[in-house]
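Single-structure report; data block below.
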Amino acid sequence: MTTSIIDARTASTGRVRPGKAQRPRVEVANPWRGRQSPCTAAEEHVLVCELEDLSRGLPVDEFERRDVTVLITALRGGLTADELFDQAPGAKPNRLLAAHRELDGRRLLAEHAWRAITVDATPETFATFGTCAAELLPAVISHLSGYRHDPVRLSHAIADAAEQVNRTNRRVLV
């Protein structure tokens, strides 16, 4: 089965032939219903508390990639627990909670690694903590890697990056 859009495309370019109608394309950031803006830290805390309540008595140690996908999609869409389970009725709260604990633990480790780098902006500290910090700030760490053999330039680059990260954090938390 083909649509008029597919029929109108040429095989070689994928472009629509002149004179054929083309449907407008809409960027879809999140396919679920909801406000379509990320949870605040407070809203995430409420969601996690609700997952904890729903998980009482259940094991909270296993999750799969799909659980991470559901959790991240819900957080990106600003969903409440009720909205999440209405739209993903097969999701299990204990597995979502396990996924959240793993992700948040990794975030905390990466955050501490980044702080260690900013406090002691030396090649040794960067070599020790860079890989872990890259889980949270991959582009920043990748950029800084270019300076790892020049202690003075690395120190200045880390200070600049730290200021940019701090500015971003302030904007997001407002």
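Residue numbering for the sequence shown follows our numbering, starting at 878 and increasing by one per position.
Using N, Cα and C, we set each Cβ at its ideal position, and we do this for glycine too.
If I follow the unbroken alpha helix (DSSP H) through residue i, where does it start and stop?
i	result
ALA958	958-964
VAL923	918-931
ALA951	942-954
Note down the Cα distance separating residue i from residue j, rounded to an integer number of angstroms.
i	j	result
CYS916	ALA951	8 Å
GLU920	GLY911	14 Å
LEU986	GLN964	32 Å
GLU1012	LEU1031	19 Å
ARG983	ARG900	42 Å
ARG886	ARG902	Below a pLDDT of 50, predicted positions are generally treated as unreliable, and ARG886, at 48, falls in that range; the measurement from the model is reported next regardless. The straight-line gap from Cα to Cα measures roughly 15 Å.
SER881	HIS1020	Reliability fails at SER881, whose pLDDT of 47 lies under 50, so the model's placement of it is uncertain and no value is given.
CYS926	GLU941	21 Å
SER1022	PHE1006	12 Å
ILE883	PRO908	Interpretation of ILE883 is limited by its pLDDT of 47, a score under 50 that renders its predicted location unreliable; no figure is taken from the coordinates.
ALA990	ASN1046	17 Å
ARG1044	ARG978	27 Å
ALA993	TYR1024	17 Å
MET878	ALA1038	Because MET878 carries a pLDDT of 45, less than 50, the predicted location of this residue cannot be relied on, and no value is offered for it.
ASP981	ILE949	12 Å
ARG1048	GLU1040	12 Å
THR946	PRO1015	20 Å
GLY954	ALA975	20 Å
ALA1004	HIS1033	16 Å
THR957	ALA1010	30 Å
GLU960	VAL937	21 Å
SER988	PHE962	It is worth fixing the name first, because residue 988 is Glu in this sequence and not Ser. Distance between the alpha carbons of GLU988 and PHE962 is about 30 Å.
VAL1017	VAL1042	9 Å
SER914	LEU1050	14 Å
VAL923	ARG933	16 Å
ALA968	ASP944	7 Å
ALA918	GLU939	24 Å
Measuring CB to CB, does residue i end up less than 8 Å from residue j?
i	j	result
THR995	ILE1035	yes
LEU935	LEU973	no
PRO970	LEU931	yes
Is residue i close to chain D? Criterion is C-beta to C-beta, closer than 8 Å.
i	result
THR995	Within the model displayed, chain D is absent; a lone protein chain is all it includes.
Segments assigned alpha helix (DSSP H), at least 4 residues, entirely inside the segment 976-1029: 1000-1010 and 1015-1022
Does the structure place the segment 990-1000 close enough to the segment 1021-1041 that three or more beta carbon pairs sit under 8 Å? yes
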